[in-house]
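Inspection log for the structure reproduced underneath, given as structure tokens.
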Amino acid sequence: MKDKEIEKLIKNETSRQKKVINLIASENFVSRDVLAALGSTPTNKYAEGYPGKRYYGGNTISDKIESLCQRRALKAFHLSPRKWEVNVQPLSGSPANIAVYLALVPQGKKIMGMSLAHGGHLTHGHNVSAAGIFWRAVKYEVDPKTETLNYRKLKKQALKEKPVVIVAGYTAYPRVIHWKKFREIADACGAYLMVDMSHVAGLIAGGAFPSPFPYADIVTTTVHKTLRGPRSACIFSKIDDRQLGKKINKAVFPGLQGGPHLNQIAAAAVAFREASQPAFKRYARQVIKNTKTLGTELQKLGWRLVSGGTDSHLLLLDTWLLGKGIGGKEASECLERAGIIANMNAIPFDTRKPFDPSGIRLGTAAETTRGKKEKDMKKIARRIDAVLRKRMRKHSQQNTF
Ligand code: DSN
1 MKDKEIEKLI
11 KNETSRQKKV
21 INLIASENFV
31 SRDVLAALGS
41 TPTNKYAEGY
51 PGKRYYGGNT
61 ISDKIESLCQ
71 RRALKAFHLS
81 PRKWEVNVQP
91 LSGSPANIAV
101 YLALVPQGKK
111 IMGMSLAHGG
121 HLTHGHNVSA
131 AGIFWRAVKY
141 EVDPKTETLN
151 YRKLKKQALK
161 EKPVVIVAGY
171 TAYPRVIHWK
181 KFREIADACG
191 AYLMVDMSHV
201 AGLIAGGAFP
211 SPFPYADIVT
221 TTVHKTLRGP
231 RSACIFSKID
241 DRQLGKKINK
251 AVFPGLQGGP
261 HLNQIAAAAV
271 AFREASQPAF
281 KRYARQVIKN
291 TKTLGTELQK
301 LGWRLVSGGT
311 DSHLLLLDTW
321 LLGKGIGGKE
331 ASECLERAGI
341 IANMNAIPFD
351 TRKPFDPSGI
361 RLGTAAETTR
371 GKKEKDMKKI
381 ARRIDAVLRK
391 RMRKHSQQNT
401 F
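One point on numbering: in this note's numbering, the residue at position 90 of the sequence shown is 90, and numbering is uninterrupted.
Here it is as structure tokens:
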């Protein structure tokens, strides 16, 4: 690069990534092909509109890139183009979710999603997100005893609130999600069922987590988490007489965005192809084996996992332990000093503040991409335990003397 300053920073970031153990549940390491497509010439092109209907000239190849990405996205989830269509233009997960509300929910009407503090995303209705500013957000929570979804309670709440859209799919929920039960709830109150599968999309593509497609009306996903693609997102719509896809397309462009990022779409196409290969199935299964091993090992070492375990790529570790441990912020900071990157995270019914909650979130998607297996997870668990206990000991000595 001619720009030595930015070149150096990129090199430093590459070397940082190489040195640490990355347990951020929403991150991954993309292939060289994905990187090559991201840094490619389609970034120079404006292509407002959709394949065959653009506002600028010179888009013959853009049309081919976007159409190929759409075909590959459908294939990665075994969807028939007669039953599902997909918009691959959302720049990332948040705009994808907002586009769905823009398409389907009149301003001021209700959306019902999981509270951020219980594992939902900001765009599932938090009051600082456009989702909670322009729409009325109804929040559901996990069950206080099991820390898992209570579908009976959820149905009661949905029947009372009658939201236009129910959102299922989370950013910090370690357990399996019963999409069929959500379908029944949505049908009972006449709502659309929107699934945000961003976190588990790669596991679904790899056949290691239940697919929401038999039950949802709309499915949104980012491409960069377990799917291992570029930072990007897409929205799948069921094809029927409700014309969902047409409404979604209008909401994405011109409703919310301008020109699509074609280099990003090309890179997403590469990722969808990779996710359709047999090797990706092995990857997805290994991610789950690794998380389960990490969780079990931490439990053996005396730690509490929210909901008692995990069925996915992530787990929530209660580091506060009702005041006997340390806060999530301190835990993630001392882990970082020890070369383990994780993020602080609220646990359900957290008594502490969001900027210093009671836990951390750990995910194995990135380290599984690097080839880590169960034996490595056991080592990582012991390392986490040692780092956190050292810190706890320091606190107890400070309190004693
Ligand atoms: N920030 C992402 C996550 O870490 O889950 C969600 O947008």
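All residues carry an ideal CB built from backbone N, CA and C; glycine is no exception.
Keep in mind it's a predicted model, so treat the numbers as computed, not measured.
Quiz item: Between which two residues does the beta strand (DSSP E) carrying Val167 extend?
Solution: Val165 to Ala168
Quiz item: Should Ile360 be listed as close to the ligand DSN, given that the test is whether its C-beta is under 8 Å from any heavy atom?
Solution: no
Exercise. Grab me the residues of Gln157's own chain with a C-beta within less than 8 Å of its C-beta, minus the 5 sequence neighbours each way, in chain order.
Key: Met112, Val138 and Tyr140
Practice problem: Indicate whether Ile239 and Lys8 have their beta-carbon atoms separated by less than 9 Å. | Solution: no
Quiz item: Whose CB is closer than 6 Å to a heavy atom of the ligand DSN? List the residues in chain order.
Solution: Ser26, Gly93, His121 and Thr171
Self-check item: Residue of Gln243, Lys329, Pro357 and Gly125 minimising C-alpha distance to Ala103
Solution: Gln243
Quiz item: With burial defined as no fewer than 16 other Cβ atoms inside 10 Å of the residue's Cβ, what is the status of Asn97: buried or exposed?
Solution: buried
Quiz item: Which residue comes first and which comes last in the beta strand (DSSP E) that contains Thr14?
Solution: Taken as a continuous stretch (DSSP letters only), Thr14 belongs to no beta strand (DSSP E), being part of the alpha helix (DSSP H) at Lys4 to Lys19.
Quiz item: Which two residues bound the contiguous beta strand (DSSP E) that contains Ile360?
Solution: Gly359 to Gly363
Self-check item: C-alpha distance - Tyr151 paired with Pro210, whole-angstrom precision
Solution: 17 Å
Quiz item: The alpha helix (DSSP H) with Leu193 in it runs from where to where?
Solution: Unbroken run through Leu193 is the beta strand (DSSP E), Tyr192 to Asp196; no alpha helix (DSSP H).
Self-check item: Strand pairing of Cys189, partner residues [DSSP]
Solution: According to DSSP, Cys189 bridges with nothing at all.
Quiz item: Are the CB atoms of Ser92 and Thr222 nearer to each other than 9 Å?
Solution: yes
Practice problem: Pick helix, strand or coil for Tyr173, following the three-state DSSP scheme. | Solution: coil
Quiz item: For Glu330, which of helix, strand or coil comes out of DSSP?
Solution: helix
Practice problem: Using the Cα positions of Ser232 and Asn59, report the straight-line distance between them to the nearest angstrom. | Solution: 21 Å
Exercise. Determine, using beta carbons only, whether Ile340 and Val387 come nearer to each other than 9 Å.
Key: yes
Practice problem: Could you pull out every residue in the same chain whose Cβ sits closer than 6 Å to the Cβ of Tyr56, ignoring the five residues on either side in sequence? | Solution: Tyr46
Quiz prompt | Arg72 versus Arg383 - alpha carbon distance | solution = 40 Å
Exercise. Give every residue of the same chain whose Cβ lies closer than 6 Å to the Cβ of Ala338, excluding the five residues on either side of it in the sequence, and list them in chain order.
Key: Val387
Quiz item: Between Ala205 and Phe280, which are expected to be in contact by the criterion C-beta below 8 Å, what is the C-beta distance as a whole number of angstroms?
Solution: 7 Å
Quiz prompt | alpha helix (DSSP H) segment containing Val100, residue limits | solution = Gly93 to Leu104
Quiz item: Going along the chain, which unbroken runs of the alpha helix (DSSP H) with 4 or more residues stay wholly within the region 281-348?
Solution: 328-337
Quiz prompt | Whether Ala36 touches Phe272 by CB criterion (9 Å) | solution = no
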